[in-house]
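Residue numbers (this note's numbering): 297 to 568.
What follows is the structure, encoded as structure tokens:
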């Protein structure tokens with residue numbers, strides 16, 4: 297039930313967050329130097345909605361976390377970030393020149409940064425060069441966005457006009473878009489790899505088991521399913537299941553003590 301709630305809420309927030317983040321990024325790119333406070337709050341809302349979108353995308357793509365507590369933490373983070381974004385938007389409509397806007401925007405950017413890192417760290421360890429490059433580039437761009445935005449917000453009045461307009465419109469706006477695209481690429485690569493792994497090798501259905509009847513000790517051969525001993529009529533049910541980790545990865549012919557997909561130790565509670 298929790299998995300289903302996380303997936304549906306994540307899907308809805310992902311769609312709305314993507315639209316809001318795209319609008320905020322376009323506002324940065326098209327910024328003409330006016331309405332400084334409104335621009336700063338728009339920048340913070342862009343980071344906020346971007347963080348919500350990335351975190352929600354993980355809930356949708358990187359299906360359930362390791363534990364119920366982790367899944368609940370993801371859901372709580374989504375709700376908290378959504379509430380913060382709604383509060384900031386409401387304040388913007390009431391007063392566009394409030395003195396607390398730069399500080400609130402800085403907090404929103406930091407919270408969104410934490411959400412982005414939480415999303416990236418929750419995802420699996422990348423195994424392909426493309427996924428490693430996408431994750432590394434995204435982390436670097438997220439750091440650049442966070443440092444640049446907080447510096448811009450706190451030192452905005454001290455910066456010369458060329459830095460305010462050209463820097464915000466061309467550099468920072470482009471990096472925001474690139475960070476969102478990098479995060480999307482990484483999670484799509486992870487989802488594509490998981491899909492290929494689930495379609496990998498399976499146990500052949502042509503299985504013949506040699507055993508002795510538990511009642512009369514008569515040797516016999518049987519296939520999976522229900523069968524009776526020819527000597528005494530004792531009924532035996534044989535079932536063969538593929539070992540899978542809770543993340544869905546197939547553990548057939550596993551080498552090692554951890555799941556190659558998610559890194560969980562293979563043991564009680566890790567295999568279905």
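For glycine and all other residues, C-beta sits at the position ideal for the given N, C-alpha and C.
| Asked | Found |
| --- | --- |
| Rounding to the nearest angstrom, what Cα-Cα distance links residue 545 and residue 507 in this structure? | 30 Å |
| Less than 8 Å between the beta carbons of residue 516 and residue 526, yes or no? | yes |
| Considering only C-alpha positions, which residue in the set 531, 513, 553 and 454 is nearest to residue 519? | 531 |
| Straight-line CA distance for residue 556 to residue 537? | 19 Å |
| Distance, Cα to Cα, residue 512 vs residue 503? | 23 Å |
| In this structure, what does DSSP give as the bridge partners for residue 546? | 540 |
| Measuring only the C-alpha atoms, how far is residue 440 from residue 429? | 16 Å |
| Locate the beta strand (DSSP E) running through residue 560, then write down its first and last residues. | First-last for residue 560: undefined, no H or E at that position. |
| Looking only at DSSP bridge pairs, what is residue 507 linked to? | 516 |
| May I ask you to report which of helix, strand or coil DSSP gives residue 359? | Because residue 359 carries a pLDDT of 48, less than 50, the predicted location of this residue cannot be relied on, and the following value inherits that uncertainty. Looking at residue 359 - three-state DSSP - the assignment turns out to be coil, as it is neither helix nor strand. |
| Can you tell which of 552, 510, 547 and 553 has the C-alpha that lies nearest to the C-alpha of residue 529? | 510 |
| By how many angstroms is the C-alpha of residue 542 removed from the C-alpha of residue 554? | 12 Å |
| For the ligand GTP, is there a heavy atom less than 7 Å away from the beta-carbon of residue 560? | In the structure shown, the ligand GTP is absent, as is every other ligand, since no ligand is present at all. |
| Starting from the Cα of residue 533, find the closest Cα among 505, 456, 457 and 562 and give me that residue. | 505 |
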